[in-house]
Structures are given as structure tokens and as C-alpha cells.
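Enquirer: If you read the protein sequences in the order shown, they are chains A and B. Mapping to my numbering: the first sequence position 201 is 201, numbers consecutive. Mapping to my numbering: the second sequence position 2 is 2, numbers consecutive. Even for Gly, the Cβ is constructed at its ideal location relative to N, Cα and C. This structure is a prediction, so every number in the text was calculated from the model and none was measured.
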Amino acid sequence: MLFQAILFYLFATVLIGAALGVVFSRNPVHAVMFLVLTFFQSSMLWLLAEAEFLAIVLVLVYVGAVMVLFLFVVMMLDINVESIQRGLTRYAPLGIGVALLMAVELIQLIWMRSRVDAGATAFAPYPEGYSNTKALGSVLYTEHVYAFEIAAVILLLAIVAAITLTMRKRPGLKVQNISEQVAVRAKDRIRVVKMDAEKKQ
Amino acid sequence: MEFFANLVPAFVWDIWNSLPPLVQYLTIVTWKILFVTIGVILIVAFSTYFERKVIGSMQGRIGPNRVGPLGLGQPFADVIKLLIKEVIVPAKSNRFLFVIAPLLTLIPALATWAVIPLNDWYVIADINAGLLYVLALTSVGVYGVILAGWATNSKYAFLGAMRSAAQIVAYEIAMGFALVGILMAAGSLNLGDIVRAQAGGFSNWFAWPLLPMFLVYWISGVAETNRAPFDVAEGESEIVAGFHVEYSGVAFALFFLAEYANMVLISSLTAIFFLGGWASPLEGLAFLEQYHDLPFIGWVFGGGFPWLFIKMCFFMYTFFWLRATFPRYRYDQIMRLGWKVFIPITIIWITVEGVMAWFEVGPWAGLTG
Numbered sequence: 001m002l003f004q005a006i007l008f009y010l011f012a013t014v015l016i017g018a019a020l021g022v023v024f025s026r027n028p029v030h031a032v033m034f035l036v037l038t039f040f041q042s043s044m045l046w047l048l049a050e051a052e053f054l055a056i057v058l059v060l061v062y063v064g065a066v067m068v069l070f071l072f073v074v075m076m077l078d079i080n081v082e083s084i085q086r087g088l089t090r091y092a093p094l095g096i097g098v099a100l101l102m103a104v105e106l107i108q109l110i111w112m113r114s115r116v117d118a119g120a121t122a123f124a125p126y127p128e129g130y131s132n133t134k135a136l137g138s139v140l141y142t143e144h145v146y147a148f149e150i151a152a153v154i155l156l157l158a159i160v161a162a163i164t165l166t167m168r169k170r171p172g173l174k175v176q177n178i179s180e181q182v183a184v185r186a187k188d189r190i191r192v193v194k195m196d197a198e199k200k201q
Numbered sequence: 001m002e003f004f005a006n007l008v009p010a011f012v013w014d015i016w017n018s019l020p021p022l023v024q025y026l027t028i029v030t031w032k033i034l035f036v037t038i039g040v041i042l043i044v045a046f047s048t049y050f051e052r053k054v055i056g057s058m059q060g061r062i063g064p065n066r067v068g069p070l071g072l073g074q075p076f077a078d079v080i081k082l083l084i085k086e087v088i089v090p091a092k093s094n095r096f097l098f099v100i101a102p103l104l105t106l107i108p109a110l111a112t113w114a115v116i117p118l119n120d121w122y123v124i125a126d127i128n129a130g131l132l133y134v135l136a137l138t139s140v141g142v143y144g145v146i147l148a149g150w151a152t153n154s155k156y157a158f159l160g161a162m163r164s165a166a167q168i169v170a171y172e173i174a175m176g177f178a179l180v181g182i183l184m185a186a187g188s189l190n191l192g193d194i195v196r197a198q199a200g201g202f203s204n205w206f207a208w209p210l211l212p213m214f215l216v217y218w219i220s221g222v223a224e225t226n227r228a229p230f231d232v233a234e235g236e237s238e239i240v241a242g243f244h245v246e247y248s249g250v251a252f253a254l255f256f257l258a259e260y261a262n263m264v265l266i267s268s269l270t271a272i273f274f275l276g277g278w279a280s281p282l283e284g285l286a287f288l289e290q291y292h293d294l295p296f297i298g299w300v301f302g303g304g305f306p307w308l309f310i311k312m313c314f315f316m317y318t319f320f321w322l323r324a325t326f327p328r329y330r331y332d333q334i335m336r337l338g339w340k341v342f343i344p345i346t347i348i349w350i351t352v353e354g355v356m357a358w359f360e361v362g363p364w365a366g367l368t369g
């Protein structure tokens, strides 16, 4: 238990440090890397809470895909650091307000639960051989199948919408027709001409 | 086991047994990690030699033959040369990210070995979500390449990084879908259980019922490791050396090590997922069953680490074979292959598999029950 507590405080400290780094770093690429570190640390915290499926999926989806695309965009844009610094002071009151609100909500939730049931704040360890991937899978496709499918359709809609917004037909665009290219035979492209050798002048 | 137990004098066992269980556990795990890491690094060293010999013979050359007998000392000569070279950090580069980028490619490549079963009992962490862990870590490896390209502050390096990022993101999806097929067939995310589901000989390997997935996974693996014919991230002829154009000495050696460690990893994973890992192809034959417990050659019939090693070597050879055979893909064709060919193939085959499992046809009979 002591070992776990030490790990928890270690991960939590790094998590908060990295989150502050996201906000305060001057270089946007550094900020993105701090965000990656933040995701890693929160996935570690989830692992400590025995939610291994969610922890690994957090790394897989956010670190492996979303943040790569983020980094991609941030590197391409030439972001003006000064204007970001000005934005920081301007949005600071709003940010602090939101943070306070979330903190109050969380504290309230924990306080409420500890009043209802004294043991609720501590996790009961799962029995040996319990797989939370299996547990999640067995309810996701049975009990919550509609919610799941609706979420999937919304995501698909977002993909299709993004593509239709950015795709435009430009005139004079050169596009390959792959099947046509594959079907090409030598006799369509070259003609071998037989002729007599010419005499040297 | 008893044979090994008798090698060590009794008082050593007494000391060992008096240690607290946590210390015993940590000692065993540390040794396991050391063995696997050193093994991987040695395999990487000799696979560079193997590659040069294979490509040399395919191109009608001899390959390295100067250092040591048959040129076997070549990898060590290369390592020593790289270690004593100067590491140059470009003046306008981002120093911290420039130095840390090679580490970020190497760490995931080595950390993935934690869940890979080398035989029936040798696995560092026998976790239930092993397959997800593998997917998560292989997707993290791209950061090193992107950051290296950006931190160098050079057009060529940046172009290489961009290409590599787009390519890896594209092929990862096909790879993930191919693994969904494995997961459906094995009914488990644990790599050990996936191998055990393929026990019973040659015909039970997942490569046969999942042949399209097998090909997609393997080709995506080649793309994911940035190897020829998908090596546009390096693209010597257009962008010099891509993301590692400014790296030298040890920093370059780390990139090199990471690339080969990733190749070894993808080869082993393909062997585990589709060719039955450590399982022997002769397992199903009843008349050979009596030989399974023979002391030194039992693995030939009963399965063991050497089979995994042989299968891995086969895939490593294929890597080099591809490199010696094919010209580099054009960038837009790589993207087309990834998005428009591989992803549809995997999705269709997942559907086919689902329907077969539902109607209890073929190898998945009894899976739904």
C-alpha cells in the first residue's frame, strides 16, 4: 500500500507539473510534448486504479494518434509566441474560474460519497483473473449498444463533414487512374517500327 | 529444473529463500529484462551483418568479410566507430529535443518486449491486455522521428518527419484492424493465450484462415518500421537522409538501433500472431508425441524458443529480401495503398470472420458459445 501511495504521489506531481508546462511553455511544440507527458501520467494513475483497459486505450488513442496529428499541425503553423503570451493573461481569470469550479465539484462528489458509505472512497481490489477489457466489452455491445452505435455514427458524420468541407474540385487537376495504369500493355504505349538501315552519307 | 537446481550449492538456496518475496520477485524480473534486452541488442548487431550479407549475395557481391572470421566482427567494428565519432548538434536546432528524439524511438521498441512470450513460461509481464499494450507502444514510436525532424531545423529533415508521421498514422489503422482479426480468432488479448490458441501444428496457425490479415499486417509492419520499399522518411535520393540527416555518432547509432529493434519486434510479433510463435509445426502429429520431452531436441517436436527464433529470422530475411528487390514507393501511392486498399481489406475480412464465427463455420466453430 505504501509503495502504491508513493507511486501515486510521484505520478500526480509529474502530471500537475506537465499540465502547468502545457500552459506556460513558450514553444508550442514543447507544449504539445508536455501534453503527451500529461496523458502518460494520467494513464499511469488509471493503471494504479486497476483500469488497465482505459489506461492503455488512453495512450493508444490520445498519445498515439490525436497528439501526433496535433504535433503535425503545430509544426506546420508558424505560431506567434507573443500573442499567445498576451492571451494567457487575458484568459487567466476564466481559466482559474473553470479550474475552481471543477475542483469544487470533485470535492463535493468525494465528500458526498464518503458520507453515504465510508468505504466508497477506497477501491476494493478486483478478484484474481478479472479482466476489465472483457467486462467492458460484454456490456458495451449488449446493454449499451445503442449509445455505442450512436457515438460511432456521430464520429463518422464528423469525418464525412470534415472531408466534404475541405474537398474541392479544382480545374486542371492531374489525377491518376490506377486501374487504367495497371491494365496498360506494352502495345498500347510503344510501336516497334521495322526499317532498313540507312546508308552513311 | 532439478538439474539446474543441483548446480548451485545449497547455502545459496538458503540465502535466496530467506529473502523477502518482493526482493525475490524484483531480482527475477530484473534478470529477465536484462536477458531480453541484451538478446535483442545482440540480434540487432548481427542482423546488420545478416542484412549486408543477404543484400550482397543478391547483388552478386561478397559483403563484409574483413573484420574477424567471415566478417563476423563487422557489427562490433561499426559500433566502436560510431561510439568514438563526434556528435554534432546543429547551432540553430532545438538542443533538448534533438538529443532526446533518438531515445524516444528506442524506448518503445525495447519496452514492447515486456509482454512478448519467448516460450511457454518466459515472459516478463504476463498481462491480459498484452495486445493493446503492443499497439499502444508501437504507436508511440513515431514521436522520435517527428521530433528529430523538427528539432533539426532543416527542410530535408522536416520533410522526412512529415512523410513518416502521415505514413505511420495511416498504416497503424490497418495494423490495428488486422489485430482485431487475431483477437476474434483467439478470444484473448494475452499474447501467450494467442499462441496457445494456435497449438496443434502447422494447420492451426492463424495465417491460413486470416491470410489477408496476415499479408496486411506484415506489409503494414514493413511500412511502420520505415523500411524499403516504404522508406520515404529517409529517401536518400530526394531528401538526403530524411529525419536523421544531421545526426552523427552515438545519436545516429541510437536511431539505427531503434530501427532494427523495431524490425526484430515486428518480425517476432508477426510470428506470434500468425505463425504460432514458439509452437512447433509438427505438434499435431500423434506418432511424434513421445519425443516431446527429449532433453535437447524436444523443442523440435514440442515447441520452444528456437521455433520463435527461426520464424523471426525468416521475417528478418524477408525485410532484407524486399529491400534488395523493390524500388521505393512513390509517396501518394503509399498513402493510397494504406487508406484505400489495406483498410477496406481488413474491414471486409473482419466481417467475413464475424459471419463465419456466427454460423460456426471453419476454425471458429464454437467461438460464440
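Kindly indicate the opening and closing residues of the alpha helix (DSSP H) around Pro117(B).
Expert: It is not in any alpha helix (DSSP H) - Pro117(B) carries neither H nor E in the DSSP assignment.
Enquirer: Please list, in chain order, all residues of the same chain as Ser25(A) whose beta carbon is under 7 Å from its beta carbon, the five residues on each side excluded.
Expert: Excluding sequence neighbours, Ser25(A) sits near Ala31, Phe34.
Enquirer: For chain B, check one thing: does any of its Cβ atoms lie closer than 7 Å to the Cβ of Gly64(A)?
Expert: Answer yes: the Cβ-Cβ gap between Gly64(A) and chain B drops below 7 Å somewhere.
Enquirer: Residues in the same chain with beta-carbon distance under 7 Å from Gly277(B), minus the five sequence neighbours each way, listed in chain order, please.
Expert: Around Gly277(B): Pro117, Val195, Ala271, Leu308.
Enquirer: Determine the DSSP secondary structure at Gly284(B), reduced to helix, strand or coil.
Expert: Note: Gly284(B) maps to coil in three-state DSSP.
Enquirer: Quick one: grab the DSSP three-state call for His144(A).
Expert: Three-state result, His144(A): coil.
Enquirer: Using a Cβ cut-off of 8 Å, pull out every chain A residue sitting near Ile146(B), in sequence order please.
Expert: Within chain A, the residues near Ile146(B) are Val68, Leu71, Phe72, Met75.
Enquirer: Taking Ile340(B) as the reference, which of Gly56(B), Ala45(B), Tyr171(B), Ile124(B) has the closest Cα?
Expert: Looking at the sequence shown, residue 340(B) is not Ile but Lys. Answer by Cα proximity: Tyr171(B).
Enquirer: How would you call His244(B), buried or exposed, if buried means at least 16 neighbouring beta carbons within 10 angstroms?
Expert: With 16 or more Cβ atoms within 10 Å of its Cβ, His244(B) is classed as buried.
Enquirer: By DSSP, does Ser131(A) sit in helix, in strand, or in coil?
Expert: Of the three classes helix, strand and coil, the one that applies to Ser131(A) here is coil, per DSSP.
Enquirer: Measuring straight from C-alpha to C-alpha, what distance separates Val361(B) and Cys313(B)?
Expert: Whole-angstrom Cα-Cα distance: 34 Å.
Enquirer: My output table needs one value for Val12(B): the three-state DSSP class, helix, strand or coil.
Expert: Helix at Val12(B).
Enquirer: Leaving out five residues before and five after Val29(A) in sequence, what residues of the same chain have Cβ atoms less than 8 Å from its Cβ?
Expert: Answer for Val29(A): Leu71, Val74, Met75, listed in chain order.
Enquirer: Of the residues Pro229(B), Leu191(B), Phe320(B), Gly63(B), which one's Cα is nearest the Cα of Asp126(B)?
Expert: That would be Leu191(B), whose Cα lies nearest to the Cα of Asp126(B).
Enquirer: Please classify Asp14(B) as buried or exposed, where buried requires at least 16 other C-beta atoms within 10 Å of its C-beta.
Expert: Counting Cβ neighbours within 10 Å, Asp14(B) comes out exposed, since fewer than 16 surround it.
Enquirer: Which chain A residues sit within Cβ distance under 7 Å of Val216(B)?
Expert: Those within 7 Å of Val216(B) in chain A number zero; the least Cβ separation is about 18 Å.
Enquirer: Where does the unbroken alpha helix (DSSP H) through Thr152(B) begin, and where does it stop?
Expert: That residue, Thr152(B), is in no alpha helix (DSSP H); it is neither H nor E in DSSP.
Enquirer: DSSP three-state label for Arg227(B), please.
Expert: Coil.
Enquirer: Starting from the Cα of Arg52(B), find the closest Cα among Asn65(B), Ile41(B), Asn17(B) and give me that residue.
Expert: Answer by Cα proximity: Asn65(B).
Enquirer: Could you name the residues of the stretch 153 to 173 of chain B whose beta carbon sits closer than 9 Å to any beta carbon of chain A, in the order they occur along the chain?
Expert: Result list: Phe158, Ala161, Met162, Ala165, Ala166, Ile168, Val169, Glu172, Ile173.
Enquirer: Is it right to say Asp231(B) is buried, meaning 16 or more other beta carbons lie within 10 angstroms of its own, or is it exposed?
Expert: Asp231(B) should be labelled buried.
Enquirer: From Tyr247(B), Leu104(B), Trp358(B), Gly141(B), pick the residue whose C-alpha is nearest to that of Ile88(B); which is it?
Expert: Closest option to Ile88(B), Cα to Cα, is Tyr247(B).
Enquirer: Which residues of chain B have a Cβ atom closer than 8 Å to the Cβ of Phe53(A), listed in chain order?
Expert: Simply Ala129, Leu132.
Enquirer: Under 9 Å between beta-carbons, which chain A residues line up against Leu191(B)? List them in chain order, please.
Expert: Within 9 Å Cβ-Cβ: nothing; Leu191(B) doesn't reach chain A, min ~14 Å.
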